[in-house]
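In this text, residue positions in the sequence shown follow our numbering: the first is 5, and each later residue adds one. The block underneath contains the structure these notes are about, expressed in structure tokens.
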Amino acid sequence: MILYRITREKYAQDLSGRGGLLSAARWHDHVPVIYSSVNSSTAILEVLVHLQPEEIHNDLMIMSIVVPDDVISEELAIAELPAGWNNYPAPAILKQIGNAWLASKSALLLYIPSVIDPLAKNVLINPLHSDATQLKIGELQPFTFDKRLIKR
Numbered sequence: 005m006i007l008y009r010i011t012r013e014k015y016a017q018d019l020s021g022r023g024g025l026l027s028a029a030r031w032h033d034h035v036p037v038i039y040s041s042v043n044s045s046t047a048i049l050e051v052l053v054h055l056q057p058e059e060i061h062n063d064l065m066i067m068s069i070v071v072p073d074d075v076i077s078e079e080l081a082i083a084e085l086p087a088g089w090n091n092y093p094a095p096a097i098l099k100q101i102g103n104a105w106l107a108s109k110s111a112l113l114l115y116i117p118s119v120i121d122p123l124a125k126n127v128l129i130n131p132l133h134s135d136a137t138q139l140k141i142g143e144l145q146p147f148t149f150d151k152r153l154i155k156r
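Encoded structure:
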């Protein structure tokens with residue numbers, strides 16, 4: 005299977021999850037993690053929703069991550085999530101859920117619903133899981149946001 009991620013060129017070869025140590029987000033709090041999406045359009049929206057036009061870098065890449073089909077994965081369905089899971093800012097309980105999942109190392113992948121489009125899936129990748137060595141960086145393609153998306 006292929007997962008997608010939008011990242012800066014200097015990080016496009018990095019599957020360490022180091023960025024997760026440096027910042028917190030909806031599903032983690034300063035622990036190694038890689039955020040990805042099942043399709044490239046969701047990955048694009050997940051980055052765009054957090055940026056102001058002046059914050060958009062000119063060295064972005066669409067990174068594909070090749071994942072063997074037989075790796076262990078889990079999924080959090082919307083029905084399993086606490087009320088307000090899609091609020092902004094995110095409820096703190098989501099960081100606890102994500103950190104607990106990452107610490108458990110129970111699976112390489114955790115499928116989660118996108119807040120932007122609950123029918124779409126994002127995927128947390130646990131770089132500390134034993135199967136993380138099976139991940140491969142696939143195609144890397146330069147990416148710029150369509151100007152129509154960044155007009156505000």
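Glycine included, every Cβ here is placed at the ideal spot set by N, Cα and C. None of these values were measured; they are calculated from a predicted model.
G142 sits in a strand when the DSSP states are folded into three classes. Counting C-beta pairs with one atom in each stretch, the segment 133–145 and the segment 56–76 have three or more that are closer than 8 Å, which means they touch. If you draw a straight line from the Cα of N62 to the Cα of A111, it comes to about 34 Å. With respect to the C-alpha of R22, the residue from V35, S108, V75, L139 having the closest C-alpha is V35.
A direct Cα-Cα distance of roughly 6 Å separates R9 from S41. The residue from Q100, P95, Y115, A104 with its alpha-carbon nearest to that of A81 is Y115. Excluding its 5 nearest sequence neighbours in each direction, A94 has C-beta neighbours in its own chain below 7 Å: R30, listed in chain order.
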